[in-house]
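The structure under discussion appears below in the form of structure tokens.
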Amino acid sequence: MSMRAILAALAAAALAGAGPLLAEEPPPPARPPVARPPELVKLEAEAATALPAPEVPAGRAAEAKKVAETAVAVRRAQWVVEKLLPPPPEGVSAFKFDELKDDARGWVDLTADVVKVQDGMAVIRPPTAREGVEFAVPITGDAKSVNLRGEYVADRRVTIDGREVLVLRQVTAAKELEPGLTALLDAARKRLEQAKAAHAQAVAVLRDVRAKAEQEITQRARDDAAKQVVIPKDADVEEQVRIRARQQEVALKLAKAELEKLNTLYGEPTPADGSGARPGDPGIRPPGKPSKPIGTIDPIKDR
446 MSMRAILAAL
456 AAAALAGAGP
466 LLAEEPPPPA
476 RPPVARPPEL
486 VKLEAEAATA
496 LPAPEVPAGR
506 AAEAKKVAET
516 AVAVRRAQWV
526 VEKLLPPPPE
536 GVSAFKFDEL
546 KDDARGWVDL
556 TADVVKVQDG
566 MAVIRPPTAR
576 EGVEFAVPIT
586 GDAKSVNLRG
596 EYVADRRVTI
606 DGREVLVLRQ
616 VTAAKELEPG
626 LTALLDAARK
636 RLEQAKAAHA
646 QAVAVLRDVR
656 AKAEQEITQR
666 ARDDAAKQVV
676 IPKDADVEEQ
686 VRIRARQQEV
696 ALKLAKAELE
706 KLNTLYGEPT
716 PADGSGARPG
726 DPGIRPPGKP
736 SKPIGTIDPI
746 KDR
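In the working numbering, the protein residues as written are 446 to 748.
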């Protein structure tokens, strides 16, 4: 028997002794989506009627449409949570966070993220309040969110990070909710957090896409301007600065039309009340604030 035949026989015997080859284990089945309570499904349908889909101008990019749609989704989720909250006790009005001031008093029923914890105080930013409204509540530990229910009064001020913040003190605690309503509120608040996360992601994507488009347009205009206005090899420093400034003027003229098209394509999204978006969020410019010129380049620093 030849050496090749012997090796083949040994290989066959090894395979036979190893038993059948095992196939790769299939991936675990995907988890089925958690069923929403019927009451929540009904309220979400009512929210879609109360807060219709946004009107997005024709010609907008898909990323801009997504920002508008997710902002409305946050407002709808907030609407559902507010509908589920029991009304304040008779004779007690809801706390007006937009009118927050010393001795302000009212009924609070909200779950909010903690902005900062310092010296036993948690700084809270009410989700439905206007931009810049914050208050503090005493807290134990380092919680990421708080659930406030009851009558509160703004009774003193503390300084946190160099800024005065009003502290809310609970005057009357709220009665415990029924277990069924508690579970429903928890589900609605979870949906609200999911909507906020989706909106934040949409804003981030829009910011990145627009920034990349601006950079491409600006760089292309710079390259074209450098070809049109050439710096001589023997130019001194003063002459180079003058010519680069001229290149900058040409580049801005070349880029102007394309940059203006970006406003039509991506728009200038501004946060709506209760959207969960803030003027300081990436990609969002505060209402009334003039747009910053796009593509402005320093003729010396940027070369």
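Beta carbons are placed, not taken as given, at the ideal position from N, Cα and C, and that holds for glycine. In this text, all values refer to a predicted model and were calculated from it rather than measured experimentally.
Just the Cα atoms here: how many angstroms apart are residue 425 and residue 574? Outside the displayed span of the chain (446 to 748) sits residue 425, for which this structure offers no information.
Whose C-beta lies closer than 6 Å to the C-beta of residue 562 among residues of the same chain, with five residues either side of it excluded? 587
Rounded to the nearest angstrom, what separates residue 688 and residue 674 at their Cα positions? 7 Å
Beta carbon of residue 692 nearer than 8 Å to that of residue 670: yes
Starting from residue 562, trace the beta strand (DSSP E) both ways and give me its first and last residue. 550 to 563
Contacts around residue 676, its chain only, beta-carbon distance under 6 Å, and the 5 residues preceding and following it disregarded: 685 and 688
Using C-beta distances below 6 Å, list every residue in its chain close to residue 445, excluding the 5 sequence neighbours before and after it, in chain order. Any answer about residue 445 is impossible in this case: the structure gives the chain only from 446 up to 748.
As a quick exercise: from 519, 712 and 609, pick the residue whose alpha carbon is nearest that of residue 578. 609
Which residue comes first and which comes last in the beta strand (DSSP E) that contains residue 617? 608 to 618
Boundaries (first-last residue) of the beta strand (DSSP E) holding residue 591: 590 to 605
Minimum C-alpha distance to residue 539 - residue among 681, 597, 697 and 632: 597
From 624, 548 and 605, pick the residue whose C-alpha is nearest to that of residue 616; which is it? 548
Which of the three DSSP states is assigned to residue 445 in this structure? As displayed, the chain neither begins before 446 nor continues past 748, which places residue 445 out of reach and without an answer.
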